[in-house]
Amino acid sequence: MVVRLRFLQFSDVHLDSRLTGSQLAWPREKREQRRQEITELVGKACRLAREHKVEALFIPGDLWDDEAISAETVARVLEAFASLDPIPVFIAPGNHDCCSPTSFYADEVLRARGMRLWPKNVTIFRTAEFETVPHPARPEVTITGRAHVRNVPLEERLLGAPIPRPRAPISVLLFHGSWIEYAGRDRSEKMFTAPFSRQELLAQGFSYAALGHYHHYAEITDAEGRVRAAYTGCLAGRYLSEAGPHYALLGEIGEHGLLAMEKIRVDERMIHDVEVDVTGVETESGLRERVIGRLRECGATASDIVFLRMEGRLPRGLRPASILEDLQHEYFHLAIADRTRPAYDLDTADPRTTQGRFIQEMRRRITATSDPQERALLERALDYGLDALIQGEVKPIYEE
Ligand SMILES: [Mn+2]
Numbered sequence: 101m102v103v104r105l106r107f108l109q110f111s112d113v114h115l116d117s118r119l120t121g122s123q124l125a126w127p128r129e130k131r132e133q134r135r136q137e138i139t140e141l142v143g144k145a146c147r148l149a150r151e152h153k154v155e156a157l158f159i160p161g162d163l164w165d166d167e168a169i170s171a172e173t174v175a176r177v178l179e180a181f182a183s184l185d186p187i188p189v190f191i192a193p194g195n196h197d198c199c200s201p202t203s204f205y206a207d208e209v210l211r212a213r214g215m216r217l218w219p220k221n222v223t224i225f226r227t228a229e230f231e232t233v234p235h236p237a238r239p240e241v242t243i244t245g246r247a248h249v250r251n252v253p254l255e256e257r258l259l260g261a262p263i264p265r266p267r268a269p270i271s272v273l274l275f276h277g278s279w280i281e282y283a284g285r286d287r288s289e290k291m292f293t294a295p296f297s298r299q300e301l302l303a304q305g306f307s308y309a310a311l312g313h314y315h316h317y318a319e320i321t322d323a324e325g326r327v328r329a330a331y332t333g334c335l336a337g338r339y340l341s342e343a344g345p346h347y348a349l350l351g352e353i354g355e356h357g358l359l360a361m362e363k364i365r366v367d368e369r370m371i372h373d374v375e376v377d378v379t380g381v382e383t384e385s386g387l388r389e390r391v392i393g394r395l396r397e398c399g400a401t402a403s404d405i406v407f408l409r410m411e412g413r414l415p416r417g418l419r420p421a422s423i424l425e426d427l428q429h430e431y432f433h434l435a436i437a438d439r440t441r442p443a444y445d446l447d448t449a450d451p452r453t454t455q456g457r458f459i460q461e462m463r464r465r466i467t468a469t470s471d472p473q474e475r476a477l478l479e480r481a482l483d484y485g486l487d488a489l490i491q492g493e494v495k496p497i498y499e500e
């Protein structure tokens, strides 16, 4: 007989994220709307779990962004999880939603605020030590987990030695930490914590590990090519580094890895990081055409969030921000990063003028250098100099 367990997994929801200080430059009311939407996604994911008749919901951490999460948001999460009863929910708190004594994971905190307590179908791994519990309805299934108890980097190789636990046909690990071989685009910006290697994880011998911390989907396969662990990534994009689709994972665990899985997009919005080079464009309508063409190519829809990086050289006087202003209404949110440089005519400048002599001298130095960094520096200096001489105004827009 083949034993299997049907589950839904999501993590890194970062509820009540402030969404400030982002290149996406959210206006206040959209930040508020987006926060609300992300909270609603938890309820939506729970409805999916019910519809698909899963036998467990796994949440390997970072359910909320920090302890400043509002009591209202926590109340909605409690309600969503309670609505799943009797489907069990397992939570292994991450670094952001760490399980400190003042955390909403503590029943005393909920009681002190007069809130409902964590529903009986929810198991929270509340200590830094690994703990193993049986599935309430499936005694042949165990779930092992631990909590981050403070939001500080943990250097310890927690998976370096075997985790003591009873043997079971299906064993699941919930773990929040840094897979050292992870190659996703948010690799360098996430805190390096509770590191582990593929080898260390596989040597533990769990049927499957639900992983949290990184914000893009990634899976770990064994020598037979079976999926033995997966990060679902964040449930919804909030920042530019979270561009692209995000998922909850619907799957079936067998004794040795996943037997089936489906990535389900729960959030209807997606962040698109779009670059467009406008070099060669000469008119307002040409600029619009180039940009709109590029936006069509990337497949952004009206409910999406678009970050438009404009690169290249534009004739002086073409102002992308005002020419493209009406595109704001085509998307949930559009942020334009205008990194274009003026298309100065370097060839027709009169060498008897200050401007002409400046161009000549800078070009001589650019040609003379073989150091690419120095060349880039000189090219920017030429642009800044021409800004000063021609436009009488210098904006520090050429730096990365
Ligand atoms: Mn994390």
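So for the sequence shown, this note's numbering puts the first residue at 101; every next one is plus one.
Even glycine gets a Cβ: it sits at the ideal position worked out from N, Cα and C.
Just so you know, these numbers come straight off a predicted model, no measurement behind them.
Taking non-hydrogen atoms of ligand 1 into account, the C-beta of D116 is found less than 7 Å away from none of them.
When distances are taken from the beta-carbon of H316 to the heavy atoms of ligand 1, even the shortest one reaches 7 Å or more. Proximity of the beta carbon of D207 to ligand 1 is not indicated: no heavy atom of the ligand is located closer than 7 Å. Remark: the C-beta of D162 is in contact range of ligand 1, defined as less than 7 Å to any heavy atom. Around A449, the same chain offers Q455, G456, I459 as residues with beta carbons nearer than 6 Å, after the five sequence neighbours per side are excluded.
Residue range 207-212 is occupied by the alpha helix (DSSP H) that includes L210. Distance between A488 and D426, taken at the CA atoms: about 31 Å.
Going by beta carbons, A145 and I187 fall outside the 8 Å limit. Here the distance from the Cβ of G485 to the nearest heavy atom of ligand 1 is not below 7 Å. Following the DSSP letters along the chain, one finds M462 inside the alpha helix (DSSP H) bounded by residues 454-468.
Using a 10 angstroms sphere on the CB of P262, the tally of other CB atoms stays under 16, which defines it as exposed. Counting other Cβ atoms within 10 Å of its Cβ, D445 stays below 16 and is therefore classed as exposed. For ligand 1, a non-hydrogen atom lies closer than 7 Å to the CB of G194. Restricted to the segment 169-229, the alpha helix (DSSP H) segments that are unbroken, complete and at least 4 residues in length are 171-182, 207-212, listed in chain order. Look at V103 here: in three-state DSSP terms it is coil, with no helix or strand label.
Not one heavy atom of ligand 1 lies closer than 7 Å to the C-beta of H372. Under the three-pair Cβ rule at 8 Å, the segment 156-175 counts as touching the segment 190-205. The beta carbon of C198 lies closer than 6 Å to those of H248, V249, R250, N251 in the same chain, with the five residues before and after it left out.
Put simply, the backbone Cα of P295 is about 33 Å away from that of R150.
Of the other Cβ atoms in all chains shown, fewer than 16 fall within 10 Å of the Cβ of A303; this residue is therefore exposed. By the Cβ rule, the segment 326-334 counts as touching the segment 345-358, because three or more pairs are nearer than 8 Å.
Taking the C-beta atoms as reference points, L408 is found nearer than 8 Å to V374.
Following the DSSP letters along the chain, one finds R328 in no alpha helix (DSSP H) but inside the beta strand (DSSP E) bounded by residues 327-331. Within the chosen limit of 7 Å, ligand 1 reaches the beta carbon of H276 through at least one heavy atom.
Per DSSP, the continuous beta strand (DSSP E) segment holding K363 begins and ends at 357-364.
At least one heavy atom of ligand 1 is found less than 7 Å from the C-beta of H313.
DSSP places V233 inside the beta strand (DSSP E), whose first and last residues are 231-234. Taking a contact to require three or more Cβ pairs closer than 8 Å, the segment 339-352 and the segment 361-376 qualify as touching. The Cβ atoms of H315 and D112 sit closer than 8 Å to each other. With distances taken between CA atoms, H114 lies nearest to C334 out of A182, C334, A228.
For the pair E256 and L349, the Cα-to-Cα distance works out to about 28 Å. If you check the CB distance, V376 and R390 come in under 8 Å.
Linking T223 to L141 through their CA atoms gives a straight-line distance of about 20 Å. Going by DSSP, V113 is part of no beta strand (DSSP E) at all; its letter is neither H nor E. The DSSP-derived three-state label of H429 is helix. Contact between the segment 229-243 and the segment 264-283 is established, with three or more Cβ pairs separated by less than 8 Å.
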